[in-house]
Amino acid sequence: MTIEANFDSLVGPTHSYAGLSPGNLAAAGSRGQVSHPRQAALQGLAKMRLVRGLGVAQYLLPPQERPHMPTLRRLGFTGSDADVIAAVAKTSPHLLAQAASSSSMWAANAATVAPSVDTRDGRVHIAVANLATLFHRSIEAEGTFNTLARIFSNSAHFVVHRNLPSHVSFGDEGAANHMRLARSHGEPGVHVFVYGKSADGPNAATPVPVRQSREASEAVARLFHLQKGRAMFIRQNPAAISAGTFHNDVVGTSNENVLMFHEAAYDPGEIAQLLDVCESEVGPAFCPIRIHQNDLTLDEAISTYLFNGQIVTLPNGKMAIVAPAECEENPRAKAVLERVREVGDNPITEVRYVDMRQSMKNGGGPACVRLRVCLTAEERAAVHPECEFNERLDEKLTSWVIRHYREKLSPEDLADPHLLVESRTALDELTAILGLGAMYEFQQESG
Ligand code: SUG
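Note that the working numbering has the sequence shown beginning at 14, numbered continuously upward.
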């Protein structure tokens with residue numbers, strides 16, 4: 014039996030609102046606000062608890078070390094750690110915010126994943142994303158590789174690919190721009206790669222950066238050694254990108270045979286082909302749910318993050334959507350979800366709302382913080398076991414967050430050298446809880 018396992022990344026102790034992502038309206042709107050790292054982490058844990066409670070396998074990905082001192086040193090800052098932080102805070106506060114961002118919390122951008130049933134060598138392939146478009150995200154790739162290589166270390170079952178060359182022409186944002194459609198998790202599927210730009214165009218001018226390139230998507234499909242005919246590439250609607258859908262998972266999502274998307278999500282000339290390909294791969298079970306502009310405008314989709322709900326398969330074979338609390342508060346978004354739940358032509362029978370507001374203020378909803386990996390029982394047994402989120406780990410992590418995370422963090426607090434010490438102390442303890450060994454660079458230096 015193949016199941017979906019959700020690997021949720023936990024926000025780190027430096028969670029902040031620095032307005033680092035042009036085109037991400039929520040993050041731009043939160044710029045400079047005081048953040049609440051402890052609450053952010055507790056919200057992440059509550060979501061993991063809810064998903065696990067639905068009977069879905071749940072795992073944890075640890076946060077990355079921030080501020081990332083190796084990046085600051087590579088950029089020429091020298092002296093003790095406190096000297097480096099003081100100098101960068103004085104001369105380049107924006108750079109300090111970038112180096113301190115806990116953006117690795119959005120695990121949907123960590124990598125793209127192909128289950129073993131789709132790959133020619135019968136292994137699960139995981140391609141680490143380069144996140145090349147934005148500097149604060151580009152520094153995640155190395156740490157992401159190190160983490161995933163430890164958790165999926167069994168090379169009989171898993172291949173973790175290093176990120177593509179880190180250049181915007183190969184800009185790759187991971188699973189957030191990828192969907193897989195199949196009759197079920199364990200059956201062969203078609204991989205839908207959603208891109209925003211391509212070398213040979215036509216690329217409509219957008220006022221915001223377009224992150225995912227077709228060339229990156231094609232490279233990831235090659236790395237996966239997908240069985241022939243199992244990849245398709247579709248262009249995101251440039252108007253949707255300009256309106257604030259910097260990733261596909263803000264306007265489209267899938268689970269097994271279900272594809273739920275906003276009608277303005279893709280290049281209008283390509284939607285028919287998308288539906289045809291999915292239908293011919295999935296067969297009559299294919300279940301497209303197209304949400305119309307009249308029911309939910311693109312702006313409403315972006316402000317509520319309805320499509321960033323996680324559609325998960327329940328043990329009884331039906332599905333649930335774990336949607337952001339913002340959808341419950343917006344009557345039109347709530348009505349759309351209620352209709353999806355009530356209408357009998359799709360398998361979704363439950364809607365659960367989660368409060369992810371600390372992450373939402375940076376443009377990250379429930380699906381953004383998880384990396385979905387479909388695993389057979391044998392593969393699941395080969396995953397680093399201590400990362401499984403069960404009651405015991407939940408208890409340990411909750412107490413760990415309460416002990417180590419600050420309640421509040423203002424932009425100026427990033428200059429506090431104690432924050433680095435606190436973060437390292439917390440992460441050191443976390444690697445012990447998770448049995449991951451000395452995985453952080455600071456642990457290797459001091460060891
Ligand atoms: O890359 N926000 C992230 C949000 C990522 C959401 N992920 C998915 N949709 N899958 C981004 O724009 C903002 C950080 C700041 O401004 O402090 C940020 O990086």
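Where is the CB? At the ideal position from N, CA and C, for every residue including glycine.
Fair warning: this is a prediction, and the values are worked out from it, not measured in the lab.
Sort the options by Cα distance to residue i and report the nearest one.
i, options, result
"proline 544", "Cys291, Gly68 and Leu109", "With the chain running from 14 to 460 in the structure shown, residue 544 is simply not present."
"leucine 422", "Ala39, Arg44 and His49", "His49"
"asparagine 261", "Thr219, Leu327, Ala298 and Ala188", "Ala188"
"leucine 194", "Asp429, Ser267 and Asp131", "Ser267"
"aspartate 308", "Val349, Ile284, Asn159 and Ala336", "Val349"
"valine 325", "Asp131, Met61, Pro26 and Leu38", "Met61"
"isoleucine 304", "Tyr279, Asp289 and Pro328", "Tyr279"
"leucine 433", "Phe455, Ser412, Leu443 and Ala212", "Phe455"
"tyrosine 366", "Ala380, Phe274, Ala169 and Glu339", "Glu339"
"lysine 331", "Lys347, Gly357, Gly322 and Glu228", "Gly357"
"glycine 66", "Ser226, Asp407 and Asn250", "Asp407"
"glutamine 52", "Arg248, Met373 and Ser293", "Met373"
"glycine 68", "Asn19, Pro328, Gly32 and Asp185", "Pro328"
"methionine 245", "Glu458, Ile254, Val24 and Asp289", "Asp289"
Give the straight-line distance between the Cα atoms of residue i and residue j, rounded to the nearest whole angstrom.
i, j, result
"isoleucine 315", "glutamate 351", "18 Å"
"alanine 70", "glutamate 17", "7 Å"
"aspartate 368", "glutamate 342", "11 Å"
"glycine 156", "tyrosine 453", "8 Å"
"serine 117", "alanine 277", "28 Å"
"serine 114", "proline 83", "14 Å"
"alanine 428", "threonine 27", "11 Å"
"phenylalanine 259", "threonine 146", "11 Å"
"glutamate 425", "valine 101", "12 Å"
"arginine 224", "leucine 108", "20 Å"
"arginine 87", "alanine 169", "36 Å"
"asparagine 375", "glycine 296", "38 Å"
"glycine 92", "histidine 81", "15 Å"
"serine 105", "glycine 89", "12 Å"
"alanine 95", "lysine 103", "12 Å"
"isoleucine 284", "glycine 214", "18 Å"
"cysteine 387", "alanine 127", "8 Å"
Strictly by DSSP, which residues pair up with residue i?
i, result
"alanine 70", "Ala18"
"tyrosine 318", "According to DSSP, which records beta bridges pairwise, tyrosine 318 is partnered with nothing at all."
"tyrosine 418", "Partner(s): none; tyrosine 418 has no beta bridge."
"lysine 210", "Ser226"
"leucine 311", "Leucine 311 is not bridged to any residue."
"arginine 163", "Paired residues: none, contrary to the question."
"glutamine 249", "Tyr279"
"leucine 272", "Ser267 and Pro301"
Report the three-state DSSP secondary structure of residue i (helix, strand or coil).
i, result
"leucine 449", "coil"
"serine 264", "Before going further, note that residue 264 is valine rather than serine in the sequence given. Note: valine 264 maps to coil in three-state DSSP."
"proline 106", "helix"
"leucine 144", "coil"
"alanine 336", "strand"
"lysine 60", "helix"
"alanine 124", "strand"
"phenylalanine 299", "coil"
"methionine 373", "helix"
Closer than 6 Å by C-beta to residue i: which residues in its own chain qualify, once you throw out the five before and the five after it? Chain order, please.
i, result
"isoleucine 164", "His397 and Cys400"
"isoleucine 98", "Pro430"
"threonine 389", "Thr15"
In chain order, what residues of the same chain have a beta carbon less than 8 Å from the beta carbon of residue i, not counting five sequence neighbours either side?
i, result
"arginine 354", "Ile334, Ile361, Thr362, Glu363 and Val364"
"phenylalanine 158", "Val141, Val173, Arg175 and Asn176"
"arginine 345", "Asp308, Leu309 and Glu313"
Using C-beta distances below 7 Å, list every residue in its chain close to residue i, excluding the 5 sequence neighbours before and after it, in chain order.
i, result
"arginine 136", "Ser129, His170, Phe171 and Val172"
"serine 197", "Glu269"
"glutamate 392", "Ser129, Val137 and His170"
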